[in-house]
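Participant: The structure is given below, and queries will be raised subsequently.
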Amino acid sequence: MHNTTPPKRSELPTSAQLKRSTIIAALSALALLTVAILPSEYGVDATGMGRVLGLTEMGEIKTQLAEESAADAAATAAPASTTSTQPVAAVSPELNNRVDEIERKLAEVMLKQQLRERVTATSRRVEAKAVAPAKTVAAVPAVQPVAPTPAIKSDQTTIQLDPGQGVEVKLVMKAGKSAAFRWTANGGTLNFDTHGDGGGRSISYVKGRGVPQDEGQITAAFDGNHGWFWRNRTNSPVTLSLQTRGEYESFKRVK
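Here the sequence shown stands for residues 108 to 362, where the numbers follow the numbering used here.
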C-alpha cells in the first residue's frame, strides 16, 4: 500500500467556496435550461436567445408535429360525420385534362381486352369447325359483353379554418383506384398530411408544412379511406378549397 499524505486544512475549500461553486453550477444549469433545452424541445423561449440561435423554431416544429400526430390518431378513431359539400370555383382546366387522360387510358385498356377476348373466341370456333362433321354452317361471331366503365365522381368543397383549427376529408376507395385532386389555401398556407387507413392498415403518402396549394393524383394502396388532414398554423383565418374527381365511392368530411 502507498501512504497518502492528507491535505492540509488550509488546502481544503471553505464553506463559502463550496456555496459559491454550488450557486455557480445551479445558475449554469438554469441558463442552459432556459437558453437551449426549453426552446429546442418545447418552443418556450423566455429570454429570446433561443430564437436568435434558431432553437425556438426547432421546438415549435416538434410541438406542432406532436399535436398533429395526436389529432390524426383521434380523427381515425372518431366516427365519420356527414359530408359538408359547398360549391366553389369551377374545376381548373389542368385538373379536367388529367382526369380526361385517365379516362382515355381506361377506355383503351378495356378496348384492347375486348379485342383479345373476341379473337380468342373466334379462334376456338374455327378449331371446333375444323374437327366437326362435313356439314358447313356459317358461324356468327358472338357479341362479347362490354365491361362497364368505372363510375367517375367529382366533388368540391370550401372550408374556413380559424388559427389552430384542423379538418380532415376522406375518399372511400378500392385498392388500385385513382382520383385527381387540387386544393388551395386561397392566399394563405396550411400544414397537411395525405394518408390512408382501413381494415387495420394505415399509410402516409406525403406531408407538408406551410404549403399554399397542392394538386396531383392519389392512388389507393388498399381498400379504405384515403385523403387529407389540414391544420391552420397561422395567426389569421384561412379558406381551404378542395376539388376531386376520380374512381371513389364517396366523399366525406371526417371532422
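Note that beta-carbon positions come from the ideal geometry of N, C-alpha and C, so glycine has one too.
Looking at C-alpha atoms only, which residue of Thr129, Thr341, Tyr149 and His302 is the closest neighbour of Ala327?
Facilitator: Along the sequence shown, one-based indexing puts residue 327 at 220. Of the listed residues, the one whose Cα sits closest to Ala327 is His302.
Participant: Do you know offhand how far Gln320's Cα is from Arg223's?
Facilitator: Here residue 320 refers to the residue found at position 213 when the sequence shown is read from its first residue. Here residue 223 refers to the residue found at position 116 when the sequence shown is read from its first residue. Each residue's Cα considered, the two are about 43 Å apart.
Participant: Classify Leu278 as helix, strand or coil using the three-state DSSP reduction.
Facilitator: Locating residue 278 in the sequence shown gives position 171, where the first residue counts as 1. In this structure, Leu278 counts as strand in the three-state DSSP scheme.
Participant: For Leu172 and Leu297, I'd like the C-alpha separation in whole angstroms.
Facilitator: Start at 1 with the first residue of the sequence shown, and residue 172 comes out as number 65. Start at 1 with the first residue of the sequence shown, and residue 297 comes out as number 190. Their Cα atoms are separated by approximately 13 Å.
Participant: Since Gln350 sits in a beta bridge, which residues does DSSP pair it with?
Facilitator: In the sequence shown, the residue the question calls residue 350 occupies position 243. Note: Gln350 sits in a beta bridge opposite Gln263 and Arg289.
Participant: Can you give me the C-alpha to C-alpha distance between Asn332 and Asp300, rounded to a whole angstrom?
Facilitator: As a position in the sequence shown, residue 332 is number 225, starting the count at 1. As a position in the sequence shown, residue 300 is number 193, starting the count at 1. Approximately 14 Å between the Cα atoms of the pair.
Participant: At the level of alpha carbons, what is the spacing between Thr121 and Gly155?
Facilitator: The residue you call residue 121 lines up with position 14 of the sequence shown. The residue you call residue 155 lines up with position 48 of the sequence shown. Cα to Cα, Thr121 sits roughly 37 Å from Gly155.
Participant: Tell me Gly303's beta-bridge partners as DSSP assigns them.
Facilitator: The sequence position of residue 303 within the sequence shown is 196, counting from 1. Beta-bridge pairing links Gly303 to Ile310 and His333.
Participant: On the premise that Leu268 lies in contact with Leu347, defined as a C-beta separation below 8 Å, what is that separation, rounded to the nearest angstrom?
Facilitator: Position 240 of the sequence shown, counted from the first residue, corresponds to residue 347. Position 161 of the sequence shown, counted from the first residue, corresponds to residue 268. Correct: roughly 6 Å between the Cβ atoms.
Participant: In this structure, does DSSP put Asp321 in helix, strand or coil?
Facilitator: Walking along the sequence shown from the start, residue 321 turns up at place 214. Strand at Asp321.
Participant: Pull up the distance between the alpha-carbon of Glu354 and that of Gly294, whole angstroms please.
Facilitator: On the sequence shown, residue 354 is found 247 positions in, with the first residue counted as 1. On the sequence shown, residue 294 is found 187 positions in, with the first residue counted as 1. Between Glu354 and Gly294, the C-alpha separation is close to 30 Å.
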